[in-house]
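Residue numbers (the working numbering): 364 to 558.
The C-beta atom is built at its ideal place from N, Cα and C for all residues, glycine as well.
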């Protein structure tokens with residue numbers, strides 16, 4: 364398969380957030396800021412790439428009856444390694460993302476790509492699929508976090524855009540996540556359908 368096509372597929376055609384509407388729990392829960400959204404997206408992308416590679420490599424060794432449990436064990440292993448590294452080297456980020464890091468194990472994006480792509484394609488193609496889907500998820504979370512942060516607090520990535528007193532508190536809170544996501548999904552699909 365064409366590697367650039369696989370990446371484009373993850374970014375645009377099968378974007379997990381804006382097209383497939385998968386992984387809504389971390390999408391809505393971690394995007395209070397652009398930095399948290401980007402960090403969650405990168406963490407998920409790392410797990411996705413590593414688990415896709417391993418699952419693609421062992422797909423012929425795993426019997427069909429235990430395929431899904433085996434995939435979950437592989438994913439859980441990488442999530443555990445990620446969480447241990449974050450606790451050791453990025454404790455503030457680990458505290459900020461909290462429970463959402465262990466929840467990557469049951470994220471339907473990761474398990475879905477393992478089942479739909481990695482278990483049927485080569486190791487290299489599966490790695491590129493992890494990059495594409497991971498980038499799509501990271502871009503979506505970063506964009507949603509940036510929109511919520513700008514509209515709610517007047518800053519993005521720590522840079523003040525306008526005074527915080529002009530921000531709207533609703534975008535910092537949970538309802539703001541739904542509102543911003545709805546508008547971004549509509550905008551993304553409008554642009555995608557126009558091109």
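Pair within 8 angstroms by beta-carbon distance, residue i and residue j
i: residue 562; j: residue 519; result: Given that the chain is displayed from residue 364 to residue 558, the structure contains no residue 562 and the question cannot be resolved.
i: residue 446; j: residue 465; result: yes
i: residue 411; j: residue 493; result: yes
i: residue 473; j: residue 416; result: no
i: residue 549; j: residue 391; result: no
i: residue 449; j: residue 456; result: yes
Which listed residue (the options) has its alpha carbon closest to that of residue i
i: residue 386; options: 494, 501 and 423; result: 501
i: residue 438; options: 418, 368 and 426; result: 418
i: residue 468; options: 406, 420 and 558; result: 406
i: residue 402; options: 537, 497 and 546; result: 497
i: residue 440; options: 369, 414 and 453; result: 414
i: residue 503; options: 382, 366, 542 and 367; result: 382
i: residue 393; options: 463, 538, 547 and 481; result: 463
i: residue 379; options: 435, 429, 495 and 489; result: 495
i: residue 442; options: 408, 388, 538 and 551; result: 408
Residues sharing a beta bridge with residue i, DSSP
i: residue 518; result: 523
Where residue i falls, given that 16 or more other Cβ within 10 Å makes a residue buried
i: residue 377; result: buried
i: residue 506; result: buried
i: residue 422; result: buried
i: residue 476; result: buried
i: residue 521; result: exposed
i: residue 554; result: exposed
i: residue 432; result: exposed
i: residue 537; result: exposed
i: residue 546; result: exposed
i: residue 444; result: exposed
i: residue 389; result: buried
i: residue 451; result: exposed
i: residue 461; result: exposed
Supposed close pair residue i, residue j - CB separation, criterion 8 angstroms
i: residue 397; j: residue 509; result: 4 angstroms
i: residue 531; j: residue 514; result: 6 angstroms
i: residue 533; j: residue 516; result: The Cβ separation is near 12 angstroms, so there is no contact.
i: residue 459; j: residue 399; result: 6 angstroms
i: residue 369; j: residue 488; result: 6 angstroms
i: residue 384; j: residue 499; result: Not really, about 12 angstroms apart at Cβ, beyond 8 angstroms.
Any chain B beta carbon closer than 8 angstroms to residue i
i: residue 398; result: The question asks about chain B, but that chain is absent: this structure has only one protein chain.
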